[in-house]
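A.B. asks: Just passing along the structure, written as structure tokens.
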Amino acid sequence: MGLISQLGRYAWRKWKLDGVSSSGPNEPDTVDIFPFVDAIDQQVAAITAAGNFRGEWNASSGAFPGGGTAEKGDTWLVTTAGTTGGRFFAVGDRIVALMDNASATTFAGSWGVIPANARTVVPGEDTGEGTANAIQVTTEDAVTAGTMVFFTVFRANGPGPTTVQFNGSGPAYTVKTNSGTDPAEGGLVAGLSVLGIVSGATFRLVNDQISSAIVAAAEAAQVAAEAAAASVAALISIYDTEAAASAAEISALVHAVRLNGGVAVGDGLGGLYIDQPNGRPASFASSGATARSWYRATDARGESHVGQIATRSVIPGFSNTTNKQIMSRTRHFARDQITELQLLYPNWFHNGNTETGIDGSITVSASVEYPVGEFHQVTWGGAASTAIADRTTSAPSDLLAINIPDGAEFFIRTYSTSATGILFSATEDSAHGEGAEFGPSGITDKTMGGTIADSGTNAVYGPCAIIGTMSKPSVFVIGDSRESAAGFDTPNYLSVIGHVARAIAPTCAYIDVSRGGERLAEFVASHARRIALAQYCSHVVIHMGINDFTAGQTSAGALADLDTIIGLLPNQEVWLGTVEPVTTSSDGWTSVSGQTIDAASNSARISYNNAIRSGVDGVAGYFDIADVFESARDSGKWKAPAGAPLTSDGTHQTLAGYHWGEQSGVISTSSFFVGGALKFPRFASAQEVRERRVSGLPIDPAALGLPLAFKVTKNAADQVVTTGASTKLTWAAEAFDTVNAFDLINARWTPPAGRYRLHAQVYVTVNVVDAAQFQIRIAKNGATAAEYVLRPSGTSAQSLAIDAIFEADGDDYFEAWVNLGGTGDKTVSGDVTRTYFEGHAI
Numbered sequence: 010m011g012l013i014s015q016l017g018r019y020a021w022r023k024w025k026l027d028g029v030s031s032s033g034p035n036e037p038d039t040v041d042i043f044p045f046v047d048a049i050d051q052q053v054a055a056i057t058a059a060g061n062f063r064g065e066w067n068a069s070s071g072a073f074p075g076g077g078t079a080e081k082g083d084t085w086l087v088t089t090a091g092t093t094g095g096r097f098f099a100v101g102d103r104i105v106a107l108m109d110n111a112s113a114t115t116f117a118g119s120w121g122v123i124p125a126n127a128r129t130v131v132p133g134e135d136t137g138e139g140t141a142n143a144i145q146v147t148t149e150d151a152v153t154a155g156t157m158v159f160f161t162v163f164r165a166n167g168p169g170p171t172t173v174q175f176n177g178s179g180p181a182y183t184v185k186t187n188s189g190t191d192p193a194e195g196g197l198v199a200g201l202s203v204l205g206i207v208s209g210a211t212f213r214l215v216n217d218q219i220s221s222a223i224v225a226a227a228e229a230a231q232v233a234a235e236a237a238a239a240s241v242a243a244l245i246s247i248y249d250t251e252a253a254a255s256a257a258e259i260s261a262l263v264h265a266v267r268l269n270g271g272v273a274v275g276d277g278l279g280g281l282y283i284d285q286p287n288g289r290p291a292s293f294a295s296s297g298a299t300a301r302s303w304y305r306a307t308d309a310r311g312e313s314h315v316g317q318i319a320t321r322s323v324i325p326g327f328s329n330t331t332n333k334q335i336m337s338r339t340r341h342f343a344r345d346q347i348t349e350l351q352l353l354y355p356n357w358f359h360n361g362n363t364e365t366g367i368d369g370s371i372t373v374s375a376s377v378e379y380p381v382g383e384f385h386q387v388t389w390g391g392a393a394s395t396a397i398a399d400r401t402t403s404a405p406s407d408l409l410a411i412n413i414p415d416g417a418e419f420f421i422r423t424y425s426t427s428a429t430g431i432l433f434s435a436t437e438d439s440a441h442g443e444g445a446e447f448g449p450s451g452i453t454d455k456t457m458g459g460t461i462a463d464s465g466t467n468a469v470y471g472p473c474a475i476i477g478t479m480s481k482p483s484v485f486v487i488g489d490s491r492e493s494a495a496g497f498d499t500p501n502y503l504s505v506i507g508h509v510a511r512a513i514a515p516t517c518a519y520i521d522v523s524r525g526g527e528r529l530a531e532f533v534a535s536h537a538r539r540i541a542l543a544q545y546c547s548h549v550v551i552h553m554g555i556n557d558f559t560a561g562q563t564s565a566g567a568l569a570d571l572d573t574i575i576g577l578l579p580n581q582e583v584w585l586g587t588v589e590p591v592t593t594s595s596d597g598w599t600s601v602s603g604q605t606i607d608a609a610s611n612s613a614r615i616s617y618n619n620a621i622r623s624g625v626d627g628v629a630g631y632f633d634i635a636d637v638f639e640s641a642r643d644s645g646k647w648k649a650p651a652g653a654p655l656t657s658d659g660t661h662q663t664l665a666g667y668h669w670g671e672q673s674g675v676i677s678t679s680s681f682f683v684g685g686a687l688k689f690p691r692f693a694s695a696q697e698v699r700e701r702r703v704s705g706l707p708i709d710p711a712a713l714g715l716p717l718a719f720k721v722t723k724n725a726a727d728q729v730v731t732t733g734a735s736t737k738l739t740w741a742a743e744a745f746d747t748v749n750a751f752d753l754i755n756a757r758w759t760p761p762a763g764r765y766r767l768h769a770q771v772y773v774t775v776n777v778v779d780a781a782q783f784q785i786r787i788a789k790n791g792a793t794a795a796e797y798v799l800r801p802s803g804t805s806a807q808s809l810a811i812d813a814i815f816e817a818d819g820d821d822y823f824e825a826w827v828n829l830g831g832t833g834d835k836t837v838s839g840d841v842t843r844t845y846f847e848g849h850a851i
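The sequence shown runs 10 to 851 under this note's numbering.
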């Protein structure tokens with residue numbers, strides 16, 4: 010359909026809202042008509058310029074005339090019919106070049122056509138010689154099939170069909186509206202300008218009848234509709250809260266009600282409820298003679314799906330056949346409003362090469378601990394435990410009704426017992442309340458309460474999926490040891506480890522199926538149990554491949570395996586991560602020059618990364634993790650920033666390396682919220698919240714609930730300071746560090762970009778000299794940024810403190826220093842109440 014046709018169809022469309030009959034017939038406005046007229050004018054102007062007749066053209070030749078050099082206005086006459094450029098041309102048609110150097114192969118934009126049977130609009134006159142329903146119109150030109158005629162109606166039509174005859178002879182064409190119906194009585198009002206086209210036995214109006222003719226019918230329909238609406242309204246029940254619905258006597262004809270909230274309007278706990286059991290527990294019961302139970306049907310939270318609804322579902326990476334019982338407590342954060350959830354548990358693990366099992370069934374019981382100290386029993390078919398066959402995943406537990414706000418912390422307690430062994434992952438975060446006790450026997454079920462005596466080994470067992478109704482993205486993570494990160498990373502304030510998990514946990518629920526040592530080829534060979542969990546996630550991030558390259562795999566082979574994995578995920582939006590290098594070092598990776606590239610893997614790695622950057626079929630995008638850590642793109646060497654090295658073995662990141670990657674922002678969940686089939690809104694980042702740049706963006710609770718702050722102490726260990734020497738204060742323990750930005754080894758804090766208030770304080774106890782100069786300062790990137798000087802009065806112990814506001818760009822680091830004058834070395838007390846360094850975002 011050409012542009013003129015499109016504009017015309019739109020201007021003279023059937024209804025005011027296209028396709029919605031109840032919106033009323035459309036009356037073209039000049040806003041719609043002018044573009045149509047302008048398009049005709051442009052086409053006519055081009056054709057009018059067709060004064061350059063060039064000759065005859067054979068349309069079956071397969072190429073337009075002029076060989077690509079035709080000038081605007083050149084015309085040819087079609088003497089042999091045929092198809093060129095996907096368009097048929099009849100004998101007698103004329104083609105016109107609409108531009109200089111008109112294409113020899115493409116019609117659109119380069120060529121116009123004047124059909125052999127083209128007709129213009131024929132003006133006519135209705136002088137009243139006919140009757141109301143038998144119109145006579147006189148024209149100067151003959152009117153035949155396809156002719157478009159314009160005239161003004163002399164008198165209004167009456168009831169029934171209306172005809173029009175031209176020039177007193179020939180057929181009497183039946184007048185039809187633009188939508189193909191007879192005009193309403195009075196629809197062709199006197200003085201109405203009519204434009205129509207002869208089509209078969211009808212004269213089809215291009216414009217339409219006067220809408221006033223059908224106003225009366227519309228008003229009658231309105232009355233009937235309002236009466237019907239009033240009747241239906243009596244059968245639609247909407248209540249503010251559960252309490253209001255419980256107190257109501259709801260008509261027996263009503264089978265669904267809407268609540269605007271649970272306890273209060275707008276608290277996010279409203280939704281649609283039905284009076285038929287649907288496998289969920291009853292939410293409330295209505296009152297009166299029609300009293301009955303009501304069950305939640307769906308949440309009133311927009312587009313939703315059943316999926317992973319919390320952080321930190323990981324798969325077991327280890328087994329132990331000596332111990333037979335394990336009691337765990339794992340920490341999670343809700344990433345949507347939870348009103349009910351289900352848990353899935355694995356009786357399998359990944360050993361670094363394949364998915365395998367412990368050759369026996371296990372029995373699992375569980376509870377959700379929220380708030381802390383309040384336990385909610387999880388059941389399967391009403392039972393407090395479930396038996397899981399070897400190498401299988403449990404069925405989802407029964408729906409557990411529980412209200413956990415979006416962003417809230419909660420714990421899951423899990424007890425597993427088996428005759429053949431236990432399963433566990435090396436992801437325990439004992440600093441934030443996680444723990445597990447295990448043994449061959451004697452470990453009791455404490456899912457409903459009791460103190461868990463942590464066995465002191467980095468081992469916990471928890472659900473491999475926590476599912477509920479979600480209206481946000483949830484992420485499935487596939488990776489190797491750089492993502493599983495066990496033994497390399499330290500759990501952060503959300504208890505997560507690994508590059509992807511650190512980046513997505515503040516805003517997204519996730520399931521992490523990464524395992525150290527795994528190759529792409531091994532995932533292809535053994536994946537069924539993990540891929541089955543992907544159904545609970547909307548997005549996938551794949552960051553692996555280095556083990557393939559160090560094992561001799563080619564880039565082409567790795568990409569083929571990657572393509573196979575992507576094919577296993579047809580319902581998810583897939584993102585990739587580029588792969589970091591492998592090197593050896595002569596100086597502990599403190600410099601770039603001291604590193605030696607692993608030549609065996611680097612060439613394939615570079616080719617693989619560049620293929621990802623160029624675009625891989627079936628992939629939504631990529632995160633350039635390699636660029637964050639390589640000294641330069643494709644250099645094959647790690648960056649070596651001042652301070653702690655990013656790696657200590659040339660393959661895996663150190664804790665400083667994971668901080669480096671997290672602070673780079675290379676992995677951003679904003680892409681998950683603005684793209685994909687679910688089209689989630691993007692949330693403001695924590696950085697945007699800190700900088701007050703949140704206009705028009707929803708704010709994730711995690712960005713508000715965990716302010717960026719730190720405090721470090723000497724943990725009772727004194728520090729001896731040489732008199733008169735500028736000395737950096739050392740620190741032994743973190744009281745807290747919400748974004749893991751403090752480096753105890755180098756005694757420095759490297760926060761994300763923002764503004765901060767820092768405070769440093771010391772207590773000097775030995776060799777205080779009267780009137781000697783004592784100085785305390787905060788250094789930014791090694792240079793003094795704020796300083797306080799004190800001259801003690803007397804020789805008793807002295808406190809010095811400094812407090813100042815600083816700007817950081819994300820790479821800046823801050824340290825506390827002292828210079829204590831007088832005679833004799835000084836002692837800075839390790840008292841945690843008197844000597845400390847702290848700061849927070851402002």
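Note that the Cβ used here is the ideal one computed from N, Cα and C, for glycine as well.
To the nearest angstrom, report how far apart Leu201 and Pro482 are at their CA atoms.
C.D. replies: 57 Å
A.B. asks: Where do the N-terminal and C-terminal ends of the beta strand (DSSP E) with Ile431 fall, by residue?
C.D. replies: 431-433
A.B. asks: Got a sec? Which residues, its chain only, sit under 6 Å from Glu847 by beta carbon, not counting five neighbours each side?
C.D. replies: The answer, listed in chain order, is Lys720, His768.
A.B. asks: Is it buried or exposed for Leu529, if we count other Cβ within 10 angstroms and need 16 for buried?
C.D. replies: buried
A.B. asks: List the whole-angstrom C-beta distance separating Gly554 from Ala543, where the pair is believed to meet the contact cut-off of C-beta under 8 Å.
C.D. replies: Gly554 to Ala543, Cβ: 19 Å. No contact.
A.B. asks: Once DSSP output is grouped into helix, strand and coil, what is the label at Glu258?
C.D. replies: coil
A.B. asks: Taking the runs of the beta strand (DSSP E) that are 3 residues or longer, which of them lie wholly in the segment 73-110?
C.D. replies: Here the runs fully enclosed are 83-89, 91-93, 96-98, 103-106.
A.B. asks: Using three-state DSSP, classify Gln285 as helix, strand or coil.
C.D. replies: coil
A.B. asks: Taking 8 Å as the limit between beta carbons, can you name the residues of its chain near Glu378, skipping five residues before and five after?
C.D. replies: Arg338, Phe384, His385, Phe419, Phe420, Ile421, Arg422
A.B. asks: Measuring straight from C-alpha to C-alpha, what distance separates Leu409 and His341?
C.D. replies: Going from the Cα of Leu409 to the Cα of His341 covers about 16 Å.
A.B. asks: Please name the residue, chosen from Leu577, Asn619, Ile621, Ser644, that lies closest to Asp607 on a Cα-to-Cα basis.
C.D. replies: Restricting attention to Leu577, Asn619, Ile621, Ser644, the CA atom closest to the CA of Asp607 is found in Ser644.
A.B. asks: Do the segment 98-116 and the segment 134-146 touch if we need at least three Cβ pairs shorter than 8 Å?
C.D. replies: no
A.B. asks: Compare the Cα-Cα distances from Ile676 to each of Tyr304, Glu796, Trp584 and report the closest residue.
C.D. replies: Trp584
A.B. asks: Work out the CA separation of Gly627 and Trp740 for me, nearest whole Å.
C.D. replies: 49 Å
A.B. asks: Tell me where the alpha helix (DSSP H) around Val533 begins and ends.
C.D. replies: 529-534
A.B. asks: Determine the contact status of Ile247 and Val266, defining contact as a CB-CB distance below 8 Å.
C.D. replies: yes
A.B. asks: Along the chain, where does the beta strand (DSSP E) containing Glu671 start, and where does it finish?
C.D. replies: Glu671 -> not in any beta strand (DSSP E); alpha helix (DSSP H) instead, spanning 664-673.
A.B. asks: Could you tell me the boundaries of the alpha helix (DSSP H) in which Asp570 lies?
C.D. replies: 564-576
A.B. asks: Excluding the 5 residues preceding and the 5 following Ala90 in the sequence, name in chain order all residues of the same chain whose CB lies nearer than 8 Å to its CB.
C.D. replies: Ala68, Ser69, Phe97, Phe98, Ala99, Val100
A.B. asks: Identify, in the order they occur along the chain, each residue of the same chain with its Cβ nearer than 7 Å to the Cβ of Thr793, setting aside the five sequence neighbours on each side.
C.D. replies: Arg786
A.B. asks: Threshold first: 3 residues or longer. Then list the beta strand (DSSP E) segments lying entirely within the segment 442-526, N to C.
C.D. replies: Assignment of beta strand (DSSP E) within the segment 442-526, counting only whole runs of 3 or more residues, yields 444-448, 474-479, 483-488, 518-521 in chain order.
A.B. asks: Helix, strand or coil: which one does DSSP assign to Val721?
C.D. replies: strand
A.B. asks: Look at the alpha carbon of Gly465 and the alpha carbon of Glu443, and state the distance between them as a whole number of angstroms.
C.D. replies: 11 Å
A.B. asks: Going by CA-CA distance only, name the one from Phe159, Gly167, Val158, Val152 that's closest to Ser178.
C.D. replies: Val152
A.B. asks: If you count every other CB in all the chains shown that lies within 10 Å of the CB of Ala518, and 16 or more means buried, which is it?
C.D. replies: buried
A.B. asks: Can you give me the Cβ contacts of Leu268 inside the same chain, cut-off strictly under 7 Å, excluding the 5 residues immediately before and after it?
C.D. replies: Tyr248, Thr250, Glu251, Ala254, Gly279, Gly280, Tyr282
A.B. asks: Give me the Cα-Cα distance between Arg843 and Ala750, rounded to the nearest whole angstrom.
C.D. replies: 23 Å
A.B. asks: Are at least three pairs of beta-carbons, each pair with one atom in the segment 649-664 and one in the segment 480-499, less than 8 Å apart?
C.D. replies: Three or more Cβ pairs closer than 8 Å define a contact, and the segment 649-664 meets that threshold against the segment 480-499.
A.B. asks: Trp826 and Thr747 - do their beta-carbons sit closer together than 8 Å?
C.D. replies: no
A.B. asks: Could you compute how far the alpha carbon of Gly458 sits from the alpha carbon of Gln784?
C.D. replies: 53 Å
A.B. asks: Would you kindly work out how many angstroms separate the C-alpha atoms of Leu738 and Ile851, rounded to a whole number?
C.D. replies: 24 Å
A.B. asks: By DSSP, does Asp308 sit in helix, in strand, or in coil?
C.D. replies: Residue confidence is low: Asp308 scores 38 on pLDDT, short of 50, so the model does not pin down where it sits. Its coordinate-derived value is still stated next. It is a strand residue.
A.B. asks: Within this structure, are the beta carbons of Gly477 and Glu349 separated by less than 8 Å?
C.D. replies: Yes, they are a contact pair.
A.B. asks: As a quick exercise: from Gln604, Val484, Ser535, Trp598, pick the residue whose alpha carbon is nearest that of Asn549.
C.D. replies: Per the sequence presented here, residue 549 reads as Val, with Asn not at that position. Closest option to Val549, Cα to Cα, is Val484.
A.B. asks: Take Asp308 and list the residues in its own chain whose beta-carbon comes closer than 6 Å to its own, dropping the five residues that flank it on each side.
C.D. replies: Summary for Asp308: the model assigns pLDDT 38, below 50, so the residue's position carries little reliability; its value from the coordinates is reported in the next sentence. So the list reads Gly280, Thr478, once near-sequence residues are dropped.
A.B. asks: Since Phe116 is in the alpha helix (DSSP H), which residue starts that stretch and which ends it?
C.D. replies: Boundaries cannot be given for Phe116, as no alpha helix (DSSP H) includes it and DSSP labels it neither H nor E.
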